[in-house]
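Visitor: Handing you a structure now.
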Amino acid sequence: MKAIVTRFAPSPTGTLHIGGVRTALFNYVYAKQNNGKFLIRIEDTDTERSTKEYEKNILDNLTSIGLEPDEDPINQSERNEIYLKAAEKILQSGNAYWCDCSQEELEEMRKAQTATGKKPMYDGRSRNLGLERSDKTVLRLATPENGEIIVKDLIRGEIIFNNNELDDLILLRSDGSPTYHLCNVVDDYEQKVTTVIRGEDHISNTPRQIHIQNALGYPELEYAHLPLVLGTDKKRLSKRNAATSLEEYREKGYLDSAILNTLARLGWSQGENDVFYMNDLIKEFNIKDVQKAGAIFDITKLDWLNSQHLANLSLESFKEQLQPFLQALEINIEDHEKSDQLIEAMRTSDNTFSGIAKSLIPYYKDINEYDEKAIEKFISDKSILEELKVLLNGLDDWNQDNIDNILKNYQSEKGLSVPAVNQPIRISLTGSTKSPGLGLTLFLFGKNKSLERISNLLSYLS
Ligand code: GLU
C-alpha cells in the first residue's frame with residue numbers, strides 16, 4: 158500500500174481562519190493515523206492579495222497549535238518554471254490549445270447562451286483553429302467533450318460530472334502566468350500527495366483538476382470534501398456570528414487542545430464521547446464518518462469543552478498557562494498568601510483563562526466598583542452586614558468550618574434565607590455576587606481583609 162501524503166494548501170490572503178484549522182487538522186490526523194506525511198503548501202500566486210505577514214501568521218499558528226508539517230512548506234510563487242513545463246507538456250500532447258477570444262467576445266458568448274437558457278460557459282470555439290501563441294492568447298485545456306468523470310470521495314461516495322458541462326479551463330493567462338488549477342494539480346503531484354482533504358467549496362474544481370491530471374498522466378488521488386463550517390445562523394461562518402481567526406480564540410484564553418477538540422467535532426462525532434485529545438483523535442477519527450451536511454460552530458460548545466480541558470490540567474500547568482492572562486491585568490500570582498488554594502478554588506469560575514483572570518481581580522486588587530443591581534437586590538437592610546461584621550470579628554480561629562458555622566447559626570437564628578446572609582458579604586469582598594463557597598472565600602481573603610472590605614461597603618452604603 159502507498160504511504161499516505163496529505164497537504165493543507167492555504168492562500169495567504171488573511172490570518173489563519175478557524176475553518177482552515179479544521180481542514181489542516183483533518184489532513185494532519187488522517188496522515189498520522191496512516192503513518193503518512195502531512196505537508197503544507199502556500200498557494201500565493203495571487204500576488205495582489207497574498208502577503209508574507211499572512212503567510213507567517215498561518216505557519217506560526219499551525220505550528221504552535223501542534224499541526225506541524227513533516228517537511229518544509231513550499232511556496233507556489235517560487236515554482237513558476239515547474240508549472241510552465243507542465244503546461245508545455247500538455248500542449249505538446251495535444252491536450253491544450255491557444256485561444257485569442259477577447260473579453261468582449263466572451264461576454265457576448267455568455268449573453269447569447271443565457272438568452273437561450275443555456276449555462277454560460279466557454280464554447281470551445283478556438284479549439285480547432287490551430288492558433289499560434291501571442292500576447293493575446295491564453296492556453297486552454299481541451300477537456301473531453303463527451304462522457305463523464307467520477308470523483309470518488311471518501312465522505313460523499315461517487316460524485317458524477319458530465320464532461321459536456323465542464324468548459325475548457327485556462328491553464329496559462331495571456332501574460333504567461335499559470336492559473337490556480339494548473340499549479341494546484343502540478344504541486345499535488347510534485348509533493349507526492351495521495352489524498353486531498355479540503356472544503357466542499359472545492360467540489361466543482363475537482364473534476365476539472367482531474368482532467369488536468371489525466372492530460373499530464375498523473376496518478377489518481379483520493380478526495381474528501383469536508384462540510385462547510387457554519388455559524389449559528391446556519392450561514393457560512395463569518396465575523397457576524399463569531400471570531401473567525403484562530404488567534405482571537407487563543408487570546409481569549411481557550412486551550413489549544415480544546416480548540417482542536419471543538420474543530421474535530423465540526424462534522425465528525427463518535428458516539429457519546431465529546432472530549433478528545435490529539436492522541437484520541439489519531440486513534441478514533443474515521444474520515445468516512447464525517448457528515449456531508451454543514452457543521453455548526455457554536456461558541457457554547459467550545460466554552461464547555463474548554464472547561465473540560467481546563468479541569469483536566471494539573472494545578473501547575475493551569476497556573477503556568479493562566480500566568481500571561483494575569484500579567485496582562487498586572488497581577489502577580491504569588492502576591493496572594495494562599496495563592497495555590499485560591500487558584501484551585503477559582504479554576505472553575507469561568508470557561509476561559511481570560512475570564513478566570515478577571516474573576517481573580519478582587520483577590521489581588523482593591524474594589525473600586527460595586528455591582529449596584531446586586532446591592533439593590535440583596536442589601537435592603539444594612540444591619541445584617543453590621544451584625545455579621547461583629548460576629549466575624551469575634552472569631553479567633555479563622556478557618557472555613559468556623560466561618561461557615563457563624564454564617565449558618567446567624568441565618569437560622571434570624572430566620573433569614575442563605576442569599577440574604579451570604580450575598581451582602583460576597584458583594585463586600587468581591588464587588589459582585591460571584592465567588593466560590595462563602596466560608597472558603599472569607600478564609601482565602603483572611604480575617605483582616607474580610608473585615609476591612611465589609612467596613613468599606615458599609616461606609617459606601619452610608
Ligand atoms: N488554496 C486553496 C484555498 O485556500 C486550497 C486548495 C486546495 O486545498 O486544493 O482554498
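Okay, so the sequence shown: first residue is 158 according to our numbering, each after it adds one.
Ideal placement from N, C-alpha and C gives every residue a C-beta, glycine not left out.
Bear in mind that the values here come from a model prediction, so they are computed numbers and not experimental data.
(1) Applying the criterion that 16 or more other CB atoms from any shown protein chain within 10 Å of the CB defines a buried residue, is residue 483 buried or exposed?
(2) Answer with yes or no whether the minimum CB distance from residue 444 to chain B is below 8 Å.
(3) Considering only heavy atoms of ligand 1, does any lie closer than 7 Å to the CB of residue 592?
(4) Going by Cα to Cα distance, which pick from 256, 400, 500, 371 is closest to residue 521?
(5) In the DSSP assignment, find the alpha helix (DSSP H) that holds residue 368 and state where it starts and stops.
(6) Would you check whether ligand 1 has a heavy atom nearer than 7 Å to the C-beta of residue 301?
(7) Looking at the unbroken alpha helix (DSSP H) that takes in residue 534, where does it start and where does it end?
(8) Determine the DSSP secondary structure at residue 586, reduced to helix, strand or coil.
(9) Answer yes or no: the CB of residue 179 versus the heavy atoms of ligand 1, is any distance below 7 Å?
(10) Within 7 Å: the Cβ of residue 342 and any heavy atom of ligand 1?
(11) Assuming the contact rule is C-beta atoms closer than 8 Å, residue 380 and residue 311 should be a hit. Round their C-beta distance to whole Å, please.
(12) Figure out for me which residue from 384, 242, 434 has the closest Cα to the Cα of residue 449.
(13) By Cβ distance, which residues of its chain are closer than 7 Å to residue 498, with the 5 residues on each side in sequence left out?
(14) Less than 7 Å between the CB of residue 350 and some heavy atom of ligand 1, yes or no?
(15) For residue 305 versus residue 317, is the C-beta distance shorter than 8 Å?
(16) For the pair the segment 506 to 523 and the segment 551 to 563, tell me if three or more CB-CB distances fall below 8 Å.
(17) Is DSSP giving residue 382 helix, strand or coil here?
(18) In terms of alpha-carbon separation, which member of 548, 297, 516, 368 lies closest to residue 587?
(19) Leaving out five residues on either side along the sequence, give the residues of the same chain with a beta carbon under 6 Å from the beta carbon of residue 596.
(20) Alpha carbon to alpha carbon, how far is residue 464 from residue 226?
(21) Compare the Cα-Cα distances from residue 169 to each of 335, 206, 563 and report the closest residue.
(22) As an exercise, report each continuous beta strand (DSSP E) stretch of at least 3 residues that is fully enclosed by the segment 267 to 313, in chain order.
(23) On the DSSP letters alone, give me the boundaries of the alpha helix (DSSP H) that residue 255 sits inside.
(24) Any idea what DSSP makes of residue 578, helix, strand or coil?
(25) Return the chain-ordered list of same chain residues with a C-beta closer than 8 Å to the C-beta of residue 300, the five sequence neighbours on each side being excluded.
(26) Say whether the segment 284 to 291 touches the segment 338 to 354, bearing in mind that this needs 3 or more beta-carbon pairs closer than 8 Å, one atom from each stretch.
(27) Helix, strand or coil for residue 207 per DSSP?
(28) My output table needs one value for residue 228: the three-state DSSP class, helix, strand or coil.
(29) Let me make sure I understand the geometry here. Which of 331, 462, 408 has the alpha-carbon closest to that of residue 478?
(30) Who are residue 338's beta bridge partners in DSSP?
(31) In angstroms, rounded to a whole number, what distance separates the CA positions of residue 412 and residue 544?
Guide: According to the data block:
(1) buried
(2) The chain inventory of the structure shown lacks chain B, comprising one protein chain alone.
(3) Distance from the C-beta of residue 592 to the nearest heavy atom of ligand 1 is not below 7 Å.
(4) 500
(5) 362 to 373
(6) With a cutoff of 7 Å, residue 301 does not count as near ligand 1, since its C-beta is closer than that to no heavy atom of the ligand.
(7) Residue 534 -> alpha helix (DSSP H) spans 529 to 535.
(8) helix
(9) no
(10) no
(11) With a Cβ gap of about 7 Å, residue 380 and residue 311 count as contacting.
(12) 384
(13) 601
(14) No, Cβ of residue 350 sits at least 7 Å from all heavy atoms of ligand 1.
(15) The Cβ atoms of residue 305 and residue 317 lie closer than 8 Å to each other.
(16) no
(17) strand
(18) 516
(19) 557, 560, 561
(20) 29 Å
(21) Out of 335, 206, 563, 206 has the C-alpha closest to the C-alpha of residue 169.
(22) 295 to 298, 305 to 310
(23) From DSSP, residue 255 is part of no alpha helix (DSSP H) but of the beta strand (DSSP E) over 253 to 256.
(24) Helix at residue 578.
(25) 320, 323, 324, 325, 326, 365, 368
(26) Contact fails between the segment 284 to 291 and the segment 338 to 354, because fewer than three Cβ pairs, one in each stretch, are under 8 Å apart.
(27) coil
(28) Residue 228: coil per DSSP, three-state reduction.
(29) Out of 331, 462, 408, 408 has the C-alpha closest to the C-alpha of residue 478.
(30) DSSP, once it has assigned bridges, lists no residue as partnering residue 338.
(31) 44 Å
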